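End of the sequence shown sits at 196 in the working numbering; the numbers just go up one at a time, nothing left out.
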Amino acid sequence: MVSRKPNTSHHPKHTIPTVKHGGGSVMVWGCMAASGVGKLVFIDGIMHKMAYLNIQQNNLKESADKLGLGSNFIFQQDNDPKHTAFVVEEWLLYHCRNQLNTLPQSLDLNVIDHLWSHLQRAVQKHIKITSKEQLKSVLQEEWLNIAPETTRHLVESMPRRLEAVISAKGYATKY
């Protein structure tokens, strides 16, 4: 039974926001290490080089500290233009001592892509997501549920990935 005052059925406090047409997406930034996952940052609007730089400035060190890395980590990202913008590369030069630079199209070496797939599968198990806010909540919950064993396994696969890419002379591998 629903009880409310007459003529208030469409009042915002009596409605549940939904994602129309089955659509709706959320853009996130996240990082990982063998010891687990760092922060998950929700991105509103268009991601451009300054927005990406801001995310790095506000979240990279905090995530590294959370993961027990301090400044002793290897930073890897793909070759998206906003990642390789001069202003971003300059900041990283002074704030990330160790960077793993990969060739464009070298998805085999980007272990976080496998983590994104893992997260997507976990989120898809929630069949009643009806709004972006609920999606954000589920993403955060499932991100925090990623076991350190999962990220450790991905990081430990890097030597095998590198060997496979070298053996394949840069062509696609099983990874």
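All C-beta atoms in this analysis are idealised placements derived from N, C-alpha and C, irrespective of residue type, glycine included. Note that the coordinates shown come from a computational prediction; the quantities given were computed from them, not determined experimentally.
Tell me, to the nearest whole angstrom, how far the beta carbon of valine 176 is from that of alanine 85; I am working on the premise that it is less than 8 angstroms. Residue mapping note: residue 176 aligns to position 155 of the sequence shown, counting from 1. Residue mapping note: residue 85 aligns to position 64 of the sequence shown, counting from 1. With 8 angstroms as the limit, valine 176 and alanine 85 do not qualify as a contact, their Cβ atoms being about 14 angstroms apart.
Could you tell me the alpha carbon to alpha carbon distance between leucine 140 and leucine 130, rounded to whole angstroms? In the sequence shown, counting from the first residue as 1, residue 140 sits at position 119. In the sequence shown, counting from the first residue as 1, residue 130 sits at position 109. About 18 angstroms.
By how many angstroms is the C-alpha of leucine 183 removed from the C-alpha of leucine 160? Translated into the one-based positions of the sequence shown, residue 160 becomes position 139. Translated into the one-based positions of the sequence shown, residue 183 becomes position 162. Those two C-alpha atoms are separated by around 30 angstroms.
Please state whether the Cβ-Cβ distance between lysine 103 and methionine 68 is less than 9 angstroms. Residue numbering aside, residue 103 sits at position 82 when the sequence shown is read from its first letter. Residue numbering aside, residue 68 sits at position 47 when the sequence shown is read from its first letter. Contact flag set, yes.
Leaving out five residues on either side along the sequence, give the residues of the same chain with a beta carbon under 8 angstroms from the beta carbon of valine 108. One-based indexing of the sequence shown puts residue 108 at position 87. Same-chain partners within the cutoff: Lys70, Met71 and Leu74.
For leucine 121, I'd like the list of residues in its chain whose CB is within less than 6 angstroms of its CB, leaving aside the five on either flank, ordered along the chain. Start at 1 with the first residue of the sequence shown, and residue 121 comes out as number 100. Once the five neighbours on either side are set aside, the close Cβ partners of leucine 121 are Ile95 and Gln97.
In the DSSP assignment, what residue or residues form a beta bridge with tryptophan 50? Reading the sequence shown from its first residue, position 29 is the one you call residue 50. DSSP, once it has assigned bridges, lists Val62 as partnering tryptophan 50.
Look up phenylalanine 107 in the DSSP assignment and say whether it is helix, strand or coil. Residue numbering aside, residue 107 sits at position 86 when the sequence shown is read from its first letter. Looking at phenylalanine 107 - three-state DSSP - the assignment turns out to be helix.
Please list, in chain order, all residues of the same chain as isoleucine 76 whose beta carbon is under 8 angstroms from its beta carbon, the five residues on each side excluded. Working through the sequence shown from its first residue, we reach residue 76 at position 55. So the qualifying residues of the chain are Trp50, Val62 and Ile64.
DSSP three-state call for glutamine 78: helix, strand or coil? Counted from its first residue, the sequence shown places residue 78 at position 57. The answer is helix: DSSP assigns glutamine 78 an H, G or I state.
Check each candidate in Gly89, Ala185, Leu124 and Leu81 and name the one with the smallest Cα separation from tryptophan 112. Position 91 of the sequence shown, counting from 1, holds the residue named residue 112. Residue Leu81 is the option with its Cα nearest to tryptophan 112.
Is glutamate 163 buried or exposed, if buried means 16 or more other CB atoms sit within 10 Å of its CB? Sequence index remark: in the sequence shown, residue 163 carries index 142 (1-based). Classification for glutamate 163: buried.
Length of the line joining the Cα atoms of histidine 116 and lysine 157: Numbered from 1 along the sequence shown, position 95 holds the residue referred to as residue 116. Numbered from 1 along the sequence shown, position 136 holds the residue referred to as residue 157. So the two alpha carbons sit approximately 29 angstroms from each other.
On the three-state DSSP scale, how would you describe leucine 121? The count along the sequence shown starts at 1 and reaches residue 121 at position 100. Leucine 121 falls in the strand class under three-state DSSP.
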